[in-house]
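Heads up, the thing below is written out as C-alpha cells.
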Amino acid sequence: MPKRTLSLRQARVYWDGHERKDVKKRRKEYLEELDRIEPFMATYEGPDMVETPPSRLDEDGKEHVIIVHDESGFHANDYKADYWLKGSEQVLKKKDKGRLIMVSGFLCQRYGNVALTEQLLAENSALPEGERLKVTDSRVTIYPSSRKSGDDYWNMEQMIEQLQNTIPIAHRLYPNAVIHWIFDNSSCHGSLAKDALTATKMNVNPGGKNVPHMHDTVLPEDNPWGLGGWRQTMQFDPVLPDDDEFKAFEGQPKGMRRILHERGLLKPGMVGDCQGCKQSKLRKAHVTGLTEDELNRIDEDEELDTDDEEDGRPTDCCMRRLIEEAGDVCHFLPKFHPELNPIEYYWGWSKNYFRERSNGNFARAKKLVQEALDACPLLTIRRFFRRAFRYVSVYRLGVTGIAAEFAVRKFKSHRHVRMTDLEQAEAERKAKLARETKRSLG
3 MPKRTLSLRQ
13 ARVYWDGHER
23 KDVKKRRKEY
33 LEELDRIEPF
43 MATYEGPDMV
53 ETPPSRLDED
63 GKEHVIIVHD
73 ESGFHANDYK
83 ADYWLKGSEQ
93 VLKKKDKGRL
103 IMVSGFLCQR
113 YGNVALTEQL
123 LAENSALPEG
133 ERLKVTDSRV
143 TIYPSSRKSG
153 DDYWNMEQMI
163 EQLQNTIPIA
173 HRLYPNAVIH
183 WIFDNSSCHG
193 SLAKDALTAT
203 KMNVNPGGKN
213 VPHMHDTVLP
223 EDNPWGLGGW
233 RQTMQFDPVL
243 PDDDEFKAFE
253 GQPKGMRRIL
263 HERGLLKPGM
273 VGDCQGCKQS
283 KLRKAHVTGL
293 TEDELNRIDE
303 DEELDTDDEE
313 DGRPTDCCMR
323 RLIEEAGDVC
333 HFLPKFHPEL
343 NPIEYYWGWS
353 KNYFRERSNG
363 NFARAKKLVQ
373 EALDACPLLT
383 IRRFFRRAFR
393 YVSVYRLGVT
403 GIAAEFAVRK
413 FKSHRHVRMT
423 DLEQAEAERK
433 AKLARETKRS
443 LG
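To convert, note that position 185 of the sequence shown is 187 in the working numbering; the numbers rise steadily by one, no gaps.
See below:
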C-alpha cells in the first residue's frame, strides 16, 4: 500500500460537498456573521484557557455569547476497538450495536454544559414558585426504541421543548448578553411553525378540512397597487355580513385565489399547482416510491418558508421564532461543516470515554453516558471552541481542504491562524509529503 502512496488514516473532515458553490456561499455568510460579533465576545487563551472579557460591548452595553447545539447517539454495545490479549485469546462481541441512547445538548465556553451553577440553583430555589425554573439543565437524554417502554425517536416537538427550557437557563447564566444560538444544517431544524405561511398547505378556494390556520402577514412596500404595509389575514373574519359572498366560510382559510385578489396580484389562468410542479412530484414519487401526500409532508417539513421572506419577514422557522422572541440571534452552520461546531469534538471525547468502560449492559450504559458527558473538563471544552475558531480563521484566509486541516492541527495553541502561519504550515506539509513519497518508493 505505501508504494501506491496509500496510508492508514483516521476519519477527519468530510470534504465531499464541502466546496459546493451553494455551501461556499453559506460559509462566507456565516463567517461574516461571526466577524460582526467577535469584538463583543470574551476570549479564552493560554495553556489554562483563562477568560479575557470582551474588548468592548455593543451599543446597548451587552456582551455577545455563542451557544452551540447538536444531537448524538450512543449504543450500549459500542466497545473500544483495541485490546491487550494473549496470542490465542479473542474478544467475543455482540453482533448488533445494542440499544440507542440519544443525547441533545448545548455547550458554551464559560460554563461548558448549559445548566444553572450551584449558586444559581440556590437562588432559583429561593424564588417564588411562579418565577422558579422547573428545568435547570439543558441536556436531554432519551432511549428511543420500537418497544412500548421506549421513547419516541428525536423529533422537532422534542427539540422545541428543549429549546424553550434552555433559553431561560441561558439568560440566567448570561443576564446582560445577546446569545447567538448555533445549530447544524439539519432539515429538522428548519421545520416551520404550525401557523407558518406556506403555499403548499393552502387550497385554491376558501375553506378545507385539512388546511391549517396561518398567521397574519404584512404586505411588502413594493406592492404594485400601493398596498404596502397593509396587514392581511389568512382567514375570514369569524362574523361576516349576511350579504357577504363568503358568509359560508366564516373563520375559515381564505384560499390562494382570495389572498392574491386582496393583494391585487390575481391574474387569469393562474393555477394552484402548475404542470411543472406536478411532473416533478410524479418523478420524485417514481424514484422514492412515496405517495403524493407523503411527498407533500416531506416538502413542508424540509423546505424553508419563502412566502414569509417575500413579505419582508424572517423565515418562519420554529426555532428561529423562539430565539428572536427572546431577543437573541439564531444561526445555522453551512452544510458539511461539522468542524465548525465545537460540540462535535465534545461528542467524540465522550464516546471515547464511554467505549473504554462499556460492557454491553444497557443499564450500565445509561449511567455511563451521563458520566462520560460530565467527565469532560471545562478546559477541554474551551479548547474545542478554540479549534473551531482556528478553522474559521483559516477559511477567512481562503484556504480549505488538506492544507486547512494541516494548519489547524499544527497550531493547536492558537485561536487564530495568520497568513504567515499558514504559509509555514503549507511548506511543512509539502516537505512531509515529499519525504513520505520518497520513502515509499525507495
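Beta carbons: idealized from backbone N, C-alpha and C, even for Gly.
Residue i, DSSP secondary structure in three states
i    : result
N126 : helix
V220 : strand
H71  : strand
M321 : helix
H339 : coil
F334 : strand
T54  : strand
S106 : strand
V142 : strand
P240 : coil
E65  : strand
F42  : helix
Q234 : strand
H77  : strand
P255 : strand
C-alpha gap between residue i and residue j, whole angstroms
i    : j    : result
S127 : R134 : 7 Å
N187 : P243 : 48 Å
Q121 : V67  : 20 Å
Y113 : L36  : 20 Å
V401 : P344 : 20 Å
T119 : S352 : 21 Å
G350 : R441 : 33 Å
D246 : R260 : 14 Å
C320 : L175 : 23 Å
D84  : Y348 : 21 Å
L59  : E53  : 16 Å
Where the beta strand (DSSP E) through residue i begins and ends
i    : result
G350 : G350 -> not in any beta strand (DSSP E); alpha helix (DSSP H) instead, spanning P344 to R359.
E47  : T45 to E47
Host alpha helix (DSSP H) of residue i (start-end)
i    : result
V25  : K23 to I39
A390 : L380 to R398
T119 : Segment: none, T119 is in no alpha helix (DSSP H) and carries neither H nor E.
F364 : F364 to A377
H182 : Looking at the DSSP string, H182 is not in any alpha helix (DSSP H); the run it does join, the beta strand (DSSP E), is A179 to F185.
Q111 : Per DSSP, Q111 belongs to no alpha helix (DSSP H) and is neither H nor E.
E264 : M258 to R265
L165 : M158 to L175
Cβ-based neighbour list, residue i, same chain, cut-off 7 Å, excluding 5 preceding and 5 following
i    : result
L342 : L335, A390, Y393 and V394
I39  : H66 and H182
K99  : H77, N79 and D80
Cut-off 8 Å between Cβ atoms - residues of its own chain near residue i, not counting five sequence neighbours on either side
i    : result
K96  : N79 and G362
N178 : G63, K64 and E65
M224 : Residue identity check: residue 224 is Asp in the sequence provided, not Met. G230.
N1   : There is simply no residue 1 to check, as the chain begins at 3 and stops at 444 in what is shown.
V241 : E252
Cutoff 8 Å: residue i Cβ touching any chain C Cβ
i    : result
G114 : Annotation note: the requested chain C is absent from the structure, which comprises a single protein chain.
Check whether the stretch 357-374 and the stretch 33-45 are in contact - that is, three or more C-beta pairs closer than 8 Å. no
Count the CB pairs spanning the stretch 211-220 and the stretch 319-338 that are closer than 8 Å, and state whether there are at least three. no
Any 3 or more C-beta pairs closer than 8 Å across the stretch 226-242 and the stretch 262-272: yes
Segment contact flag, the stretch 367-381 with the stretch 135-150, C-beta cutoff 8 Å, min 3 pairs: yes
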